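Accompanying notes for the structure given below.
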Amino acid sequence: MSAHVVPVKTYLGIFVALLVLTALTTGAAFVDFGDLHTGMRLVDIIPLNTVVALAIAVVKMLLVILFFMHVKYSSGLTKIVVMAGFLFLGILVSLTLADELTRSWSPEPHGWGAALPTILPTILPFIRGLF
Amino acid sequence: MWEDPVSEMAVHGAHPPGFKHQFEDMDQQREADSLGMWVFLVTEIMFFGGLFATYIIYRALYLPAFETGSRLLNVKFGAANTAVLIGSSLTVALAIHAAQAGKKKSEQVMYLILTMILGAIFLFLKFNFEWRADYHEHLIPGFGFIIRPEWGAAGPHVPLFFCFYFFMTGLHALHMIIGFGILGTLTVMAQRGRFGSEYYAPLEVSGLYWHFVDIVWIFLFPLLYLIGGRFAIPGVH
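Top line first, the protein sequences correspond to chains A and B. Residue numbers for the first sequence follow my numbering, so the first one is 1 and each next one is one higher. Residue numbers for the second sequence follow my numbering, so the first one is 1001 and each next one is one higher.
Below, the structure is given as structure tokens:
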């Protein structure tokens, strides 16, 4: 009745793999992989160097989580909690991007800009008075 | 509080040190320990996630400035520090292994001290070489930042990249400094022989924390140091 003991050999193997991947990602930065053009607002240019660097970082992260942090040998409940963390991070990033990337899709509703010059002189002195 | 001395003795005699009575057995206690730590780490993912999400938006908005700023950082120190931090992750994992495998307490203490030494090397390289050089090169926003003419149109937005650089590496360094306090406490506990093959929960959950800090750096390294590429670009030195 004891927890799964990961052998030292496994830890050393993961350590070497992480060092190799660090050397690989550093070396890859000195090679020009070119750009990807999407034609979308804000993310028109995607440098493939960034894609390569992040892909290697994800592999390194998985090695650390699965072996150093023992998630490979943990219960299903722990695995679900770990995945939920990344799911919520995904929601945070994707919903923020969904706002930022789609701002140019629809024109400004009629009248929104027109009202501003008449409202501003009235509210500006009030806002200044606050400070 | 009323206690039955006979049953207390009987219960205490039967279980390994460190066992809490609300659990069925040590396996259940271990699972609850690491599960609780992971719930905390999920809040940490979201804590750093806010910074990462903001970074993603502003990198997209000011890509040339972020690439220019990234090339100003010293990739040698960045890569060396990544290796140092991975090494410290290994030593903390070996400290836990030493407890699990029922090795002598001196082995646990040695690995914990080694982890702190590697962490100190990381912070020394970061503060003494990188941040100091950034200060002398006028690259710290708010402390005499100078926009260089060779940056061209991207120039005015380069301080924005350095705001991200100092906030992200600073928050990461703060986590490491907190980690020193935790590791120091663990070293004292290990020296007093508190951990064995059945009970090592403080080592296990602190290890999870230290590995998490390592993972944050695994992403900070490419996002800050490698994002612009290091190859020769016409007009950029």
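Backbone N, C-alpha and C fix where the C-beta goes; we use that ideal spot for every residue, glycine too. Predicted, not measured: the structure shown is a model, and the values here were computed from it.
Give me the Cβ distance between residue i and residue j, rounded to the nearest whole Å; I'm assuming they're in contact under 8 Å.
i, j, result
"residue 64/A", "residue 1045/B", "That belief does not hold up - the Cβ atoms of residue 64/A and residue 1045/B are roughly 13 Å apart, past 8 Å."
"residue 1039/B", "residue 6/A", "Rounded, the Cβ-Cβ distance is 23 Å, inconsistent with contact."
"residue 1105/B", "residue 1190/B", "6 Å"
"residue 1179/B", "residue 1210/B", "6 Å"
"residue 8/A", "residue 1097/B", "6 Å"
"residue 956/B", "residue 1115/B", "The first residue shown for chain B is 1001 and the last is 1237, placing residue 956/B beyond what the model contains."
"residue 1083/B", "residue 19/A", "6 Å"
"residue 102/A", "residue 1226/B", "Going by Cβ atoms, the distance from residue 102/A to residue 1226/B rounds to 29 Å, so no, they are not a contact pair."
"residue 68/A", "residue 14/A", "7 Å"
Tell me, please, whether the CB atom of residue i is closer than 8 Å to any CB atom in chain B?
i, result
"residue 38/A", "no"
"residue 107/A", "no"
"residue 57/A", "yes"
"residue 60/A", "yes"
"residue 96/A", "yes"
"residue 130/A", "no"
"residue 115/A", "no"
"residue 66/A", "no"
"residue 1/A", "Any answer about residue 1/A is weak, because its pLDDT of 41 lies below 50 and its placement is not dependable; what the coordinates show is given next. Output row for residue 1/A: interface = yes."
"residue 124/A", "no"
Cutting at 7 Å between CB atoms, please list the residues of its own chain near residue i, excluding the five before and the five after it.
i, result
"residue 1187/B", "1109, 1112, 1113"
So that I know if they touch, is there some Cβ in chain A lying closer than 8 Å to that of residue i?
i, result
"residue 1193/B", "no"
"residue 1075/B", "yes"
"residue 1153/B", "no"
"residue 1093/B", "yes"
"residue 1157/B", "no"
"residue 1182/B", "no"
"residue 1173/B", "no"
"residue 1211/B", "yes"
"residue 1214/B", "yes"
"residue 1072/B", "no"
"residue 1060/B", "yes"
"residue 1086/B", "yes"
"residue 1082/B", "yes"
"residue 1009/B", "Note that residue 1009/B scores 46 on pLDDT, short of 50, meaning its location in the model is unreliable; the coordinates nonetheless yield the value given after this. Cβ-Cβ to chain A under 8 Å: no for residue 1009/B."
"residue 1053/B", "yes"
"residue 1056/B", "yes"
Just to confirm my understanding: we take residue i, look at its own chain, exclude 5 residues before and 5 after, and list those with CB closer than 6 Å. What are they?
i, result
"residue 1054/B", "none"
"residue 73/A", "4"
"residue 1017/B", "1199"
"residue 1133/B", "none"
"residue 1235/B", "Model confidence at residue 1235/B stands at a pLDDT of 48, short of 50, so the residue's coordinates are unreliable; what they give is reported in the following sentence. No residues qualify anywhere along the chain."
"residue 45/A", "35"
"residue 1064/B", "1154"
"residue 84/A", "none"
"residue 1175/B", "1213"
Residues in its own chain within less than 8 Å of residue i by CB, not counting five upstream and five downstream?
i, result
"residue 960/B", "Outside the shown range of chain B (1001 to 1237) lies residue 960/B, about which nothing can therefore be said."
"residue 104/A", "41"
"residue 1036/B", "1205"
"residue 191/A", "Because residue 191/A is not part of the residues shown, which for chain A are 1 to 131, the question remains open."
"residue 1032/B", "1023"
Could you tell me whether any Cβ in chain E is nearer than 8 Å to the Cβ of residue i?
i, result
"residue 120/A", "Absent from the structure is chain E; the protein chains it does hold are A and B."
Check whether the Cβ of residue i lies closer than 7 Å to any heavy atom of the ligand MN, and answer yes or no.
i, result
"residue 6/A", "Of ligands this structure carries none, so the ligand MN is not represented either."
Taking Cβ-Cβ distances below 8 Å as the criterion, which residues of the region 1018 to 1050 of chain B are in contact with chain A? Cβ contacts with chain A: 1025, 1026, 1027, 1030, 1031, 1034, 1035, 1038, 1039, 1041, 1042, 1045, 1046, 1049, 1050.
Please list the segments of the beta strand (DSSP E) lying wholly inside the region 24 to 94 of chain A, counting only runs of 3 or more residues, in order along the chain. Correct list: 35 to 37, 45 to 47.
Closer than 7 Å, Cβ to any Cβ of chain B: which residues of the region 20 to 35 of chain A, in chain order? Within the region 20 to 35 of chain A, contact with chain B at the beta-carbon level (separation under 7 Å) is assigned to 22, 25, 26, 29, 30, 31, 32.
Could you name the residues of the region 1217 to 1233 of chain B whose beta carbon sits closer than 7 Å to any beta carbon of chain A, in the order they occur along the chain? Going along the region 1217 to 1233 of chain B in chain order, one finds 1218, 1219, 1222, 1226, 1227, 1229, 1230, 1231 with a Cβ nearer than 7 Å to chain A.
Runs of 4 residues minimum, wholly inside the region 1073 to 1131 of chain B: which ones carry the alpha helix (DSSP H) assignment? Counting only runs of 4 or more, we get 1075 to 1100, 1105 to 1124.
Name, going along the chain, the residues of the region 73 to 86 of chain A whose beta-carbon falls closer than 9 Å to a beta-carbon of chain B. Against chain B - using a Cβ distance shorter than 9 Å - the residues of the region 73 to 86 of chain A are 74, 75, 77, 78, 81, 82, 84, 85, 86.
Which residues, in order along the region 42 to 54 of chain A, keep a beta-carbon less than 8 Å from a beta-carbon of chain B? Cβ contacts with chain B come from 42, 43, 45, 47, 49, 50, 53, 54.
Mind pulling the alpha helix (DSSP H) runs of 4 or more residues that sit fully within the region 1201 to 1225 of chain B? With a minimum length of 4 residues, the continuous alpha helix (DSSP H) runs that stay inside the region 1201 to 1225 of chain B are 1201 to 1220.
Chain A contacts from the region 1095 to 1125 of chain B (Cβ-Cβ distance under 8 Å): Those residues of the region 1095 to 1125 of chain B that come within reach of chain A (Cβ to Cβ, closer than 8 Å) are 1097, 1100, 1101.
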